[in-house]
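The structure appears below as structure tokens.
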Amino acid sequence: MAEEDGCSSSMTEPQLEAGGDKAADGMRSTADSSESGQDKPDKVDLESNVELKEDVRDLNLRQGDVVRQGLFQNEEEEDGDSGTDYFNTDIAGTQLQRAERIGDASLPDTFQTNELLYYERFKAYQDYMLGDCKTSEVKAFTADYLEKVLEPCDWQAQWCTDVFDVLVEVVDVNYKELKAQVKLVVPLQCETRGCELTEEAMNTLLEATLYKLPLQELHVVFDESGDFDQTALALEHLRFFYKHIWRKWDDEDEDDDFDYFVRCVEPRLRLFYDILEDRVPAGLVAEYHSLLERCSQKFQEFSSLRNGISSDSESELDNVSMVDGLRMYEQMEALKRKLRIIENPLLRYVLGYKVNSGQQSCRAKGPRASGGRMVHVVSVSTTVSQLQSLMADKLGPEFSGEEFELQFHSEPLLAVSACYEGDVVIILPGHYNVNSSISIPDSISVEGFGLPDEVVIEKKNKGDSFVESTGADVKISNVKFIQHDAIEGILCVRQGKLEMENCVLQCETTGVIVRTSAHLTMNMCDLYGSKGAGVEIYPGSVCSMVGNGIHHCKEGILIKDFADELDTMPKITMVNNVIHNNEGYGVILVKPSDAAAVQEDIPTDEPLDKEEEGEEEMKGEMKMQVDVDVPLIVVDDCSVKEPVSYSSCYDVPPEFTEGNDAIKRELVATSAKKQRCQKSRLKELGVTQADDNLLSQEMFVSIQDNQFRRNGMGSFGTFLY
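Note that this note's numbering has the sequence shown beginning at -10, numbered continuously upward.
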């Protein structure tokens, strides 16, 4: 009986808290029923009581499992999380897929873990692996995470290197060193690439490593039980982190007080998936990888030089090395800054990147050797009446000279590819689908024979941009472009001059991009639908827009101002444009945050979409311009003498045109800051007498009579980075 009493008491203690009261109620109800209607037993049957309590406990456990399962199910449905980071251990079997080996089947299959989605990796790093740790705490947090989820021993994995894959068994894990102690699985199971490997040689190699291997090089062998799912996922998160997220120089980051996940992990992870899903231009991807390689090489050189310098030595050689080290450090910091700009999704959009104009895949052909010119007629099918109209209205009056030849094409891309300098492409009415970007490297003319809605060119597949112009003098007219899935923009003027007239641009990603040193003339065009800016204007470019409609975009016009003081302001002409129904601003200027201190009288930390007009304000602006040697802005003859109300001339309400003056004031202040920085830089270089032609830059020829209607955030604003 003593043993029975002990058993009874021990069974009562581990009852669930939620079910303890129910068990007691059940005991009381049983006792009451026995007193009321049945004979009362002479003694208490402890064994029956224990069985009853066990039944009640099992019932409560099952009810608790049902509740937890329902809660987890609702949470997964709401969050849309597949739950691959941490599984419910009550569910039997693995939830991961098998990664079947291709070719040699001597090795067992592993878990398929390298196809995780963005949010799965995001959640793993944010919630489990890194949290809110600092840069100096990354290794400690990672070790703690692995200690919680990794099986400590008795699991098989493939040791994968560039030369071989071999099957090993893990006998212990050193979490702080991120290494596992292993032993070779006998008989030897391996797959080699370009070499032969024996069991004795592999044991010798493992002995040289003290039988300790990096966890990143281990891939867990597939197991259907589900016991090793967390181990396989943890190793995948570790492997991905040190391959794509972590940088060698992160340990020396001066911003160690800030959250490492927010500052570094999230933007780098987002960039990786943007590149994977073709949302980043190929040129920017190439530049990013080049910067990474250069920065890694520079960091290695800097570390080697630093380790070779003695702290106590005052020799001339060490002094020279310190100077070299400082120069390397500055170069490395400049590379790291460029990397951060590309990694930040917002800065990546507003700042973009500079393309080396000499690296275009499509080079200019120049004039024909024979000296003649070709007229390329594009049409899928042509009727006699169309040919008669084409001859009477176009070919006869303009191209009847002996130097012109005629050639027919079925696609616009084929016609442009066949062009030499001075050729003309005439596109007859029709709907044309193209599968790749249209590059225009020569000075040619592309014109639709009809209204823009009748001559439609549509691109559906992905690509950096729809139309790229690098020719010295290119003209496009009377064509409608429809963009789908392009990454960079519907039209990009990389260099040279492009003149567009009476065109329609139906965007889906970004609109027209005017790169540094490029020249765009855009007249009587209609642009809409861009998820970014309708027109992006880079420093040092020339952009003339007259009589255009820019609407239903994220932003209307984006004027970019890089941090480098040597970048010149673009020359802008904006006359009689209607910029309306854009989600953000009609016109937005991107500039460094320190530009806000250029002039105290001109606030730039807030959008200048509602400025008061008055004679005193205009006089103050003119005085500021003279003080900093910025050329006066001449819109027309009367604008210098007194403010002009454009609404009185064109019968347009003042609230639709007030953005013109705001744009001019902001560009004056920004250009003043640029000019002072340039003078200071030249003075540091020893140039006492600067060439006024180099320093003087007219920000724009004319900004007037533009109408701003129903833009979500106003006519004009600034973005400080």
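Using N, Cα and C, we set each Cβ at its ideal position, and we do this for glycine too.
Rounded separation between residue i and residue j - CA only
{"i": "residue 698", "j": "residue 648", "result": "10 angstroms"}
{"i": "residue 519", "j": "residue 654", "result": "27 angstroms"}
{"i": "residue 189", "j": "residue 98", "result": "24 angstroms"}
{"i": "residue 434", "j": "residue 260", "result": "38 angstroms"}
{"i": "residue 142", "j": "residue 218", "result": "14 angstroms"}
{"i": "residue 127", "j": "residue 139", "result": "18 angstroms"}
{"i": "residue 514", "j": "residue 523", "result": "12 angstroms"}
{"i": "residue 717", "j": "residue 546", "result": "Residue numbering for the chain in the displayed model covers -10 to 710; residue 717 lies beyond these limits and cannot be assessed."}
{"i": "residue 353", "j": "residue 460", "result": "7 angstroms"}
{"i": "residue 242", "j": "residue 113", "result": "23 angstroms"}
{"i": "residue 148", "j": "residue 207", "result": "5 angstroms"}
{"i": "residue 441", "j": "residue 360", "result": "32 angstroms"}
{"i": "residue 319", "j": "residue 405", "result": "46 angstroms"}
{"i": "residue 203", "j": "residue 224", "result": "10 angstroms"}
{"i": "residue 758", "j": "residue 581", "result": "A question about residue 758 goes unanswered here, because the residues of the chain that appear run from -10 up to 710."}
{"i": "residue 153", "j": "residue 180", "result": "6 angstroms"}
{"i": "residue 397", "j": "residue 234", "result": "52 angstroms"}
{"i": "residue 395", "j": "residue 540", "result": "39 angstroms"}
{"i": "residue 326", "j": "residue 334", "result": "14 angstroms"}
{"i": "residue 372", "j": "residue 542", "result": "39 angstroms"}
{"i": "residue 462", "j": "residue 484", "result": "10 angstroms"}
{"i": "residue 399", "j": "residue 317", "result": "56 angstroms"}
{"i": "residue 438", "j": "residue 374", "result": "13 angstroms"}
{"i": "residue 276", "j": "residue 251", "result": "24 angstroms"}
{"i": "residue 704", "j": "residue 511", "result": "20 angstroms"}
{"i": "residue 278", "j": "residue 230", "result": "17 angstroms"}
{"i": "residue 311", "j": "residue 298", "result": "8 angstroms"}
{"i": "residue 575", "j": "residue 226", "result": "43 angstroms"}
{"i": "residue 474", "j": "residue 521", "result": "13 angstroms"}
{"i": "residue 386", "j": "residue 427", "result": "28 angstroms"}
{"i": "residue 240", "j": "residue 158", "result": "32 angstroms"}
Supposed close pair residue i, residue j - CB separation, criterion 8 angstroms
{"i": "residue 205", "j": "residue 228", "result": "4 angstroms"}
{"i": "residue 134", "j": "residue 170", "result": "Not really, about 19 angstroms apart at Cβ, beyond 8 angstroms."}
{"i": "residue 129", "j": "residue 209", "result": "About 24 angstroms; that fails the 8 angstroms criterion."}
{"i": "residue 499", "j": "residue 578", "result": "Contact doesn't hold; Cβ gap of about 18 angstroms is too wide."}
Other residues of its chain near residue i: CB distance less than 6 angstroms, five sequence neighbours each side excluded
{"i": "residue 269", "result": "263"}
{"i": "residue 447", "result": "422 and 471"}
{"i": "residue 165", "result": "132"}
{"i": "residue 466", "result": "436, 490 and 491"}
{"i": "residue 502", "result": "478, 481 and 525"}
{"i": "residue 509", "result": "482, 487, 503 and 532"}
{"i": "residue 458", "result": "429, 482 and 487"}
{"i": "residue 178", "result": "95, 96 and 156"}
{"i": "residue 136", "result": "164"}
{"i": "residue 388", "result": "364"}
{"i": "residue 758", "result": "Because the chain here runs from -10 to 710, residue 758 falls outside it and cannot be looked at."}
For residue i, the three-state DSSP class (helix, strand or coil)
{"i": "residue 237", "result": "helix"}
{"i": "residue 466", "result": "strand"}
{"i": "residue 700", "result": "coil"}
{"i": "residue 265", "result": "helix"}
{"i": "residue 435", "result": "strand"}
{"i": "residue 202", "result": "strand"}
{"i": "residue 385", "result": "helix"}
{"i": "residue 646", "result": "coil"}
{"i": "residue 368", "result": "coil"}
{"i": "residue 653", "result": "helix"}
{"i": "residue 409", "result": "coil"}
{"i": "residue 128", "result": "helix"}
{"i": "residue 285", "result": "helix"}
{"i": "residue 251", "result": "helix"}
{"i": "residue 215", "result": "coil"}
{"i": "residue 352", "result": "coil"}
Same chain, Cβ closer than 8 angstroms to residue i, neighbours up to 5 away in sequence not counted
{"i": "residue 111", "result": "255 and 258"}
{"i": "residue 288", "result": "237, 238 and 321"}
{"i": "residue 175", "result": "188"}
{"i": "residue 537", "result": "511, 512, 513, 514, 515, 516, 566 and 567"}
Same chain, Cβ closer than 7 angstroms to residue i, five either side skipped, listed in chain order
{"i": "residue 285", "result": "237"}
{"i": "residue 160", "result": "142, 170, 171 and 172"}
{"i": "residue 528", "result": "505, 549, 550, 551, 556, 557, 558 and 559"}
Point to revise | Those runs of the beta strand (DSSP E) which lie wholly inside the segment 482 to 513 and span at least 3 residues | key: DSSP runs (the beta strand (DSSP E)) wholly in the segment 482 to 513: 486 to 490, 493 to 495, 501 to 503 and 508 to 512.
Exercise for review: Report the residue ranges of all beta strand (DSSP E) runs contained in full by the segment 528 to 561; include only those spanning at least 3 residues, in chain order.
Suggested key: Those beta strand (DSSP E) runs which fall completely within the segment 528 to 561 and span 3+ residues are 531 to 535, 538 to 540 and 544 to 549.
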